[in-house]
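**Student:** Structure in structure tokens, see below.
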Amino acid sequence: MSHQVVIKNAVKVYGDYKAVNNANLTIKEGELFTLLGPSGCGKTTLLRMIAGFNKIDEGQISFGSKVINDIPAHKRNIGMVFQNYAIFPHMSVFNNVAYGLKARKINKAEINKRVSKALEMVQMTQFKDRQPTQLSGGQQQRIALARAIVIHPDVLLMDEPLSNLDAKLRVTMRTIIRKLQKDLKITTIYVTHDQEEALAISDRIAVMKLGVIQQVGTPVNIYKSPQNTFIGDFIGTSNYLKGKVMGKDKNGTKISVNEKIINIKLSKDYQGEVIVGARPEEITIVDRKDDEISGEIIIGTFLGDFINYEIKLSNGKIIEVNEYTKDISHIRNSGDKVSLILSSNKIHVYDGTGEEVLL
Ligand code: ATP
1 MSHQVVIKNA VKVYGDYKAV NNANLTIKEG ELFTLLGPSG CGKTTLLRMI
51 AGFNKIDEGQ ISFGSKVIND IPAHKRNIGM VFQNYAIFPH MSVFNNVAYG
101 LKARKINKAE INKRVSKALE MVQMTQFKDR QPTQLSGGQQ QRIALARAIV
151 IHPDVLLMDE PLSNLDAKLR VTMRTIIRKL QKDLKITTIY VTHDQEEALA
201 ISDRIAVMKL GVIQQVGTPV NIYKSPQNTF IGDFIGTSNY LKGKVMGKDK
251 NGTKISVNEK IINIKLSKDY QGEVIVGARP EEITIVDRKD DEISGEIIIG
301 TFLGDFINYE IKLSNGKIIE VNEYTKDISH IRNSGDKVSL ILSSNKIHVY
351 DGTGEEVLL
């Protein structure tokens with residue numbers, strides 16, 4: 001049976017550096033949950049603490065109602081898939097997948113049934129008698145996946161499982177993993193540094209930086225409401241413009257951006273410098289208007305369903321704006337003078353350091 005995983009105030013220290021700094025997460029039963037962040041942010045360390053390969057220095061991790069801090073890795077009933085496949089080169093595909101079941105002393109008929117089912121699920125039935133050396137990287141990774149699920153783990157842990165595969169295979173494999181995970185409803189914790197992969201595969205994501213969890217949410221929630229400028233930059237593209245709070249009235253807070261004033265209803269009272277963040281698709285381009293932020297088209301790139309523009313603002317800052325093909329009749333020319341509308345319901349306002357969202 002699948003389990004929820006609860007992580008409370010978990011800490012891992014290397015020397016005087018907290019590789020995992022007070023992590024708190026509840027991963028729901030049957031959920032595909034991703035730890036996402038740049039290299040060195042601590043995601044593998046946290047996954048290894050859940051697996052039982054790294055000691056938990058402080059805090060507590062539980063599967064269901066059972067605290068597992070002191071339970072050794074081989075008794076945690078986890079399935080694991082790693083980046084480097086880690087399948088046994090001298091064993092046939094069948095024996096690789098059967099390995100965990102034999103170790104658990106399951107009877108032969110049941111082993112045959114479960115291995116066949118697992119191979120069918122990863123679409124590898126016809127390869128059961130092959131040696132791993134006769135398989136491609138993608139096929140080896142499917143065997144690793146079959147081997148991890150065949151034991152009916154309480155929790156499935158995956159550490160960059162697609163990193164060694166080429167771009168096209170990565171996309172195919174992530175769909176296979178997602179479907180399988182949904183069919184089997186195994187609580188799954190997935191580690192990646194690839195933001196697109198995380199958005200595509202996850203039910204929810206935790207974004208990490210320097211050992212600290214920055215934000216937890218659904219892919220849509222994290223993409224649309226990044227809680228700080230690091231997240232907005234790491235996931236998707238964000239334009240950041242310097243702004244300054246000029247005062248407040250019944251229409252909201254007045255922020256000066258590129259010599260124009262925008263009115264925004266901030267959830268907090270704030271004075272001084274701010275950073276205004278907007279995704280390329282959250283800015284509207286219009287013909288030049290005096291009271292809007294002005295810019296000049298540097299270049300437009302036609303990308304099928306949208307056109308991506310590089311636009312230079314009057315203060316010299318260059319931003320990216322996307323315009324959807326369905327809304328337009330022509331591509332704007334380099335040198336065209338335009339105005340840009342930042343609507344208050346789409347943009348994000350952060351404090352002067354970019355660490356805290358104010359909206
Ligand atoms: P990557 O995507 O590069 O694998 P990561 O986010 O998984 O990165 P971790 O491997 O968890 O990062 O490492 C987190 C931090 O802990 C890094 O600064 C790393 O150098 C440090 N670290 C990891 N393992 C050890 C160790 N055994 N001894 C000392 N420091 C370590």
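Everything in the sequence shown is counted per the UniProt record's numbering, starting at 1 for the first residue and increasing by one.
Idealized CB from N, CA, C, for every residue including glycine.
Keep in mind it's a predicted model, so treat the numbers as computed, not measured.
1. Check whether the region 85-95 and the region 45-62 are in contact - that is, three or more C-beta pairs closer than 8 Å.
2. Please give the ranges of any beta strand (DSSP E) in the region 279-318, keeping only runs that are unbroken, at least 3 residues long and fully inside the region.
3. Please return the same chain residues whose Cβ sits closer than 7 Å to the Cβ of residue 256, not counting the five positions on each side in sequence.
4. Hey, residue 5 and residue 11 are a contact pair by Cβ (cut 8 Å); roughly how many whole angstroms apart?
5. Hey, is the region 32-50 in contact with the region 156-164, meaning 3+ C-beta pairs nearer than 8 Å?
6. Below 8 Å, how does it come out for the region 188-197 and the region 315-322: are there three or more Cβ pairs, yes or no?
7. Let me have the residue list for the ligand GDP: C-beta closer than 6 Å to any non-hydrogen atom, ordered along the chain.
8. Does the count of Cβ pairs from the region 18-34 and the region 209-216 closer than 8 Å reach three?
9. Just verifying my parser: in three-state terms, what is the DSSP assignment at residue 193?
10. Name the residue from 348, 329, 177 and 140 whose alpha carbon lies nearest to the alpha carbon of residue 280.
11. Might you give, ordered along the chain, the residues of its own chain that have their beta carbon closer than 7 Å to the beta carbon of residue 94, omitting 5 neighbours on each side?
12. Looking only at its chain, what residues have a beta carbon closer than 8 Å to the beta carbon of residue 118, apart from the 5 residues adjacent to it on each side?
13. In or out: residue 136 buried (at least 16 other Cβ within 10 Å) or exposed?
**Tutor:** Considering the structure as presented:
1. no
2. Counting only runs of 3 or more, we get 283-287, 293-302 and 306-313.
3. Counted from its first residue, the sequence shown places residue 256 at position 256. Correct list, in chain order: 243, 244 and 246.
4. Along the sequence shown, read from residue 1 onward, the residue named residue 5 stands at position 5. Along the sequence shown, read from residue 1 onward, the residue named residue 11 stands at position 11. About 17 Å; that fails the 8 Å criterion.
5. Contact between the region 32-50 and the region 156-164 is present, because at least three Cβ pairs lie under 8 Å.
6. no
7. Because the ligand GDP does not appear in the structure shown, any question about it cannot be addressed here, the ligands present being the ligand ATP.
8. yes
9. Walking along the sequence shown from the start, residue 193 turns up at place 193. In the three-state scheme derived from DSSP, where H, G and I count as helix and E and B as strand, residue 193 is classed as coil.
10. The count along the sequence shown starts at 1 and reaches residue 280 at position 280. The option with the nearest alpha carbon to residue 280 is 348.
11. Sequence index remark: in the sequence shown, residue 94 carries index 94 (1-based). So the qualifying residues of the chain are 115, 128 and 129.
12. Counting from 1 along the sequence shown, the entry for residue 118 is found at position 118. Scanning its chain for C-beta atoms nearer than 8 Å, with the 5 sequence neighbours on each side dropped, one finds around residue 118 the residues 97, 146, 147, 149 and 150, in chain order.
13. Here residue 136 is taken as the residue at index 136 of the sequence shown, counted from 1. The residue in question, residue 136, is exposed, as its Cβ has fewer than 16 Cβ neighbours within 10 Å.
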